[in-house]
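Residue numbers (my numbering): 257 to 656. Below is one structure, written out as structure tokens; the observations come after it.
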């Protein structure tokens with residue numbers, strides 16, 4: 257009699273593999289838990305461990321070893337603290353925008369002091385829960401670190417200033433906020449880990465996710481942070497309201513900048529049916545109004561049309577979220593100009609330009625070129641909020 261152990265061997269091998277998988281999963285969980293725990297452990301009073309400042313002010317910027325020629329900075333500070341946290345300060349040349357960042361021992365941002373040239377600084381402090389999620393954001397009402405005016409701030413870019421500011425971060429009581437000095441934003445999560453509510457204290461600004469939706473929150477520098485001394489040099493609190501599952505027959509995606517509605521897109525059966533751009537309230541314009549874009553579906557294309565005061569129409573067509581063509585149409589219906597975009601590879605696009613020939617009465621090719629796509633932003637369906645185009649990536653900030 258011959259016994260077949262092949263099935264039993266397979267079960268033994270499977271059990272061993274499963275045990276190894278469980279073991280490594282547990283090791284990973286313990287490691288991550290330990291890492292997060294280390295970020296929250298207090299080791300007594302924080303002290304200064306390292307302090308260095310570099311500047312191009314005292315040395316000619318044309319020197320080969322100058323800070324400006326090496327990294328394009330006028331000033332640079334590097335500071336480390338006894339708990340493993342650290343701070344970095346950077347001052348650019350033109351415009352002279354600056355950023356001072358504080359990080360915890362895990363590399364998470366715990367404070368930013370940002371300013372554009374000769375503007376008041378924006379000071380933010382970030383708080384996290386044991387899972388590493390952003391739960392609190394403090395926005396100071398006045399300058400407290402290296403103020404624009406003499407004696408306008410309590411902390412400067414000195415050993416004592418950096419250490420005092422770092423200790424102040426540690427002493428903030430989020431449960432009893434000092435609303436005379438700052439505005440506090442709270443972010444709340446459900447048991448599944450989804451952000452469901454963001455609210456400002458004091459005040460009544462809040463964003464609440466309705467049933468079936470969630471919030472995505474982040475704090476990021478504006479697009480013109482380093483380039484502009486008018487609307488650069490500050491951070492924006494971003495909130496995106498989106499469905500937990502995109503398989504719904506109808507849903508919407510809304511974006512907010514510092515609690516103000518920016519742009520929203522509505523979808524039906526996975527296709528965009530309407531986008532609304534809200535006016536920027538920081539720009540005083542009595543004629544400001546919502547801009548509503550409703551595409552016309554033509555086969556695989558979403559076609560948007562804007563009519564000018566002279567009756568001319570300007571159309572942009574997108575296929576699967578990417579630009580297919582742009583064209584200008586006379587008030588009589590004649591296509592005067594057209595640019596057609598064909599994506600020949602993930603990195604290149606072929607652009608064919610045509611213009612109306614009045615002698616022959618038809619469009620004729622004018623030029624053809626192949627371009628590098630780059631980050632691809634200019635070719636995305638800008639009216640679709642999901643494509644990451646963000647009309648309030650820059651806007652005039654609230655000054656302290």
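From the three backbone atoms N, C-alpha and C, an ideal C-beta is built for every residue, glycine too.
query, result
"Pick out whichever of 379, 595, 387 has its Cα sitting closest to the Cα of residue 362.", "387"
"Helix, strand or coil: how does DSSP classify residue 399 here?", "coil"
"Return helix, strand or coil for residue 431, following the three-state DSSP convention.", "coil"
"For residue 493, name the three-state secondary structure that DSSP assigns.", "strand"
"Unbroken beta strand (DSSP E) runs of length 3 or more, entirely within the segment 590 to 620: which are they?", "591 to 601, 604 to 613"
"Alpha carbon to alpha carbon, what distance is there between residue 383 and residue 304?", "22 Å"
"When DSSP labels each residue in this structure, what does residue 383 get in the three-state scheme?", "strand"
"Using a 10 Å radius around the Cβ and a threshold of 16 neighbouring Cβ atoms, would you call residue 435 buried or exposed?", "exposed"
"In angstroms with no decimal places, state the Cα-to-Cα distance between residue 582 and residue 572.", "5 Å"
"Which two residues bound the contiguous beta strand (DSSP E) that contains residue 515?", "From DSSP, residue 515 is part of no beta strand (DSSP E); its letter is neither H nor E."
"For the structure I just gave you, are there three or more beta carbon pairs, one from the segment 351 to 362 and one from the segment 463 to 474, closer than 8 Å?", "no"
"Nearest-angstrom Cα distance between residue 310 and residue 350?", "18 Å"
"Terminal residues of the continuous beta strand (DSSP E) containing residue 347?", "342 to 348"
"Which first and last residues belong to the alpha helix (DSSP H) in which residue 481 is found?", "That residue, residue 481, is in no alpha helix (DSSP H); it is neither H nor E in DSSP."
"Could you check the C-alpha separation between residue 563 and residue 586 for me, to the nearest Å?", "10 Å"
"How long is the line joining the alpha carbons of residue 628 and residue 596, rounded to whole angstroms?", "15 Å"
"Under the assumption that residue 367 contacts residue 443 (Cβ atoms under 8 Å), give the Cβ distance between them as a whole number of angstroms.", "Not really, about 17 Å apart at Cβ, beyond 8 Å."
"Identify, in the order they occur along the chain, each residue of the same chain with its Cβ nearer than 7 Å to the Cβ of residue 346, setting aside the five sequence neighbours on each side.", "329, 332, 354, 355"
"According to the Cβ coordinates, are residue 463 and residue 396 closer than 8 Å?", "no"
"Looking at C-alpha atoms only, which residue of 535, 570, 578, 545 is the closest neighbour of residue 556?", "578"
"So the candidates are 394, 459, 416; which of them puts its Cα closest to the Cα of residue 437?", "394"
"Would you kindly work out how many angstroms separate the C-alpha atoms of residue 457 and residue 439, rounded to a whole number?", "6 Å"
"Do you know how far the Cα of residue 340 is from the Cα of residue 489?", "27 Å"
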